[in-house]
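In this note's numbering, the protein residues as written are 2 to 242. No residue lacks a Cβ here, since even glycine has one placed at the ideal position from N, Cα and C. What follows is a set of notes on a single structure, which appears directly below.
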């Protein structure tokens with residue numbers, strides 16, 4: 002069986018692992034050779050070790066670019082959030098970690114829930130093609146989504162234009178609120194972002210192998226140890242399977 006899995010996941014004889022550099026919780030630094038460092042790269046290396054093959058990390062500045070590249074045969078696995086639009090072309094594993102998404106709100110607005118946010122006249126700044134942007138696109142019916150090219154730019158757009166709401170990952174918004182004097186953080190998450198290992202569709206053996214790999218490394222404490230190693234335990238959570 003392992004031979005078939007290797008053929009499916011590492012057809013070139015080594016594992017090409019796509020890493021999204023914009024997720025600051027999963028990529029927290031650089032190795033001396035310039036390769037990304039963090040939970041996501043370490044998960045990819047652990048999978049390559051499980052397969053007993055070498056690894057090459059392929060980096061992307063934004064998650065949308067990583068997702069688009071599935072059709073270009075430049076990666077074998079992609080560490081990226083599972084989202085229904087992406088799942089049309091990518092097979093996702095079980096999540097290996099989750100992140101809350103919520104809102105930063107301007108003071109003076111009577112906003113205490115997602116329902117309060119989704120009203121005409123409300124403008125929500127968001128990083129385009131992030132997993133939570135895709136979720137908001139599907140679920141926001143009345144408010145306007147104002148898209149910025151990156152997470153940092155979404156905060157700048159929010160501040161410069163005095164928009165009512167900024168959508169983001171809770172750990173980042175906790176940092177962002179320190180830069181403001183007129184905002185509060187909504188307690189209620191509007192969604193949970195499931196970070197997964199993506200692979201090419203149609204490879205059932207590979208999918209099952211990755212799922213078993215994820216489950217094993219949640220159960221044996223490996224993933225929790227990674228979160229501690231990179232000081233993101235508490236900002237990232239283990240899935241509640």
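For the stretch 163-217, which segments carrying the alpha helix (DSSP H) assignment without a break, of at least 4 residues, lie completely within its bounds, in sequence order?
171-177
Specify the secondary structure class of residue 140 as computed by DSSP and reduced to three states.
By one-based count along the chain shown, residue 140 stands at place 139. Residue 140: helix per DSSP, three-state reduction.
Run through DSSP, which three-state label would residue 37 get?
Locating residue 37 in the chain shown gives position 36, counting from the first residue. Residue 37 falls in the strand class under three-state DSSP.
Please report how far the alpha carbon of residue 229 lies from the alpha carbon of residue 33, in whole angstroms.
Position 228 of the chain shown, counted from the first residue, corresponds to residue 229. Position 32 of the chain shown, counted from the first residue, corresponds to residue 33. Those two C-alpha atoms are separated by around 21 Å.
Which class does residue 133 belong to by DSSP, given the choice of helix, strand or coil?
Counting from one through the chain shown, the residue named residue 133 turns up at place 132. The answer is helix: DSSP assigns residue 133 an H, G or I state.
Rounded distance between the beta-carbons of residue 92 and residue 202, thought under 8 Å:
Locating residue 202 in the chain shown gives position 201, counting from the first residue. Locating residue 92 in the chain shown gives position 91, counting from the first residue. Contact holds; Cβ gap of about 5 Å.
Could you spell out where the alpha helix (DSSP H) holding residue 126 opens and where it closes?
Residue 126 sits at position 125 when you count from the first residue of the chain shown. From DSSP, residue 126 is part of no alpha helix (DSSP H) but of the beta strand (DSSP E) over 124-128.
Using DSSP with H/G/I as helix, E/B as strand and the rest coil, what is residue 55?
Start at 1 with the first residue of the chain shown, and residue 55 comes out as number 54. In this structure, residue 55 counts as strand in the three-state DSSP scheme.
Quick check on residue 77: buried or exposed, where buried means 16 or more other Cβ atoms within 10 Å of its Cβ?
On the chain shown, residue 77 is found 76 positions in, with the first residue counted as 1. Flag for residue 77 reads buried.
If you draw a straight line from the alpha carbon of residue 220 to that of residue 16, how long is it in whole angstroms?
Residue mapping note: residue 220 aligns to position 219 of the chain shown, counting from 1. Residue mapping note: residue 16 aligns to position 15 of the chain shown, counting from 1. So the two alpha carbons sit approximately 24 Å from each other.
Write down the C-beta distance between residue 81 and residue 64 rounded to the nearest angstrom, noting that I regard them as a contact closer than 8 Å.
As a first step, residue 81 is located in the chain shown; it is residue number 80 there, counting from the start. As a first step, residue 64 is located in the chain shown; it is residue number 63 there, counting from the start. Between residue 64 and residue 81 the Cβ distance is about 5 Å, and since that is below 8 Å, they are a contact.
Counted within 10 angstroms of its Cβ, other Cβ atoms place residue 243 as buried (16 or more) or exposed:
There is no way to answer for residue 243, as the model of the chain reaches only from 2 to 242.
Looking only at its own chain, which residues have a Cβ that is under 6 Å from the Cβ of residue 197, when we skip the five neighbours before and after it?
Sequence index remark: in the chain shown, residue 197 carries index 196 (1-based). Around residue 197: 83, 93, 94, 96.
DSSP-derived helix/strand/coil call for residue 115:
For the purposes of this step, residue 115 is identified with residue 114 of the chain shown, where counting begins at 1. The answer is helix: DSSP assigns residue 115 an H, G or I state.
For residue 100 and residue 170, which I take to be in contact (beta-carbon distance under 8 Å), what is that distance rounded to the nearest angstrom?
Counting from one through the chain shown, the residue named residue 100 turns up at place 99. Counting from one through the chain shown, the residue named residue 170 turns up at place 169. Contact flag correct, Cβ pair sits at about 5 Å.
Pull up the distance between the alpha-carbon of residue 140 and that of residue 118, whole angstroms please.
For the purposes of this step, residue 140 is identified with residue 139 of the chain shown, where counting begins at 1. For the purposes of this step, residue 118 is identified with residue 117 of the chain shown, where counting begins at 1. Taking the straight line from one Cα to the other gives about 11 Å.
Should the stretch 185-200 be called in touch with the stretch 125-137, which here means at least 3 C-beta pairs below 8 Å?
yes
Whether residue 167 touches residue 110 by CB criterion (7 Å)
Your numbering for residue 167 matches position 166 in the chain shown. Your numbering for residue 110 matches position 109 in the chain shown. No, the Cβ-Cβ distance between residue 167 and residue 110 is not below 7 Å.
Would you list the one or two residues that DSSP bridges to residue 232?
The count along the chain shown starts at 1 and reaches residue 232 at position 231. Answer is none; residue 232 lacks a bridge partner.
Please determine, among 138, 174, 44, the residue with the shortest C-alpha to C-alpha distance to residue 154.
On the chain shown, residue 154 is found 153 positions in, with the first residue counted as 1. Measuring from the Cα of residue 154, the nearest candidate turns out to be 174.
Cβ distance (whole Å) where residue 210 is taken to contact residue 6 below 8 Å:
By 1-based counting over the chain shown, the position of residue 210 is 209. By 1-based counting over the chain shown, the position of residue 6 is 5. About 5 Å separates the two Cβ atoms, so the contact holds.
Going by the beta-carbon positions, is the gap between residue 74 and residue 58 smaller than 7 Å?
Start at 1 with the first residue of the chain shown, and residue 74 comes out as number 73. Start at 1 with the first residue of the chain shown, and residue 58 comes out as number 57. Cβ atoms of residue 74 and residue 58: not closer than 7 Å.
Does residue 98 pass the burial test, meaning 16 or more other C-beta atoms within 10 Å, or should it be called exposed?
Stepping through the chain shown from its first residue, residue 98 is reached at position 97. Per the 10 Å Cβ criterion, buried.
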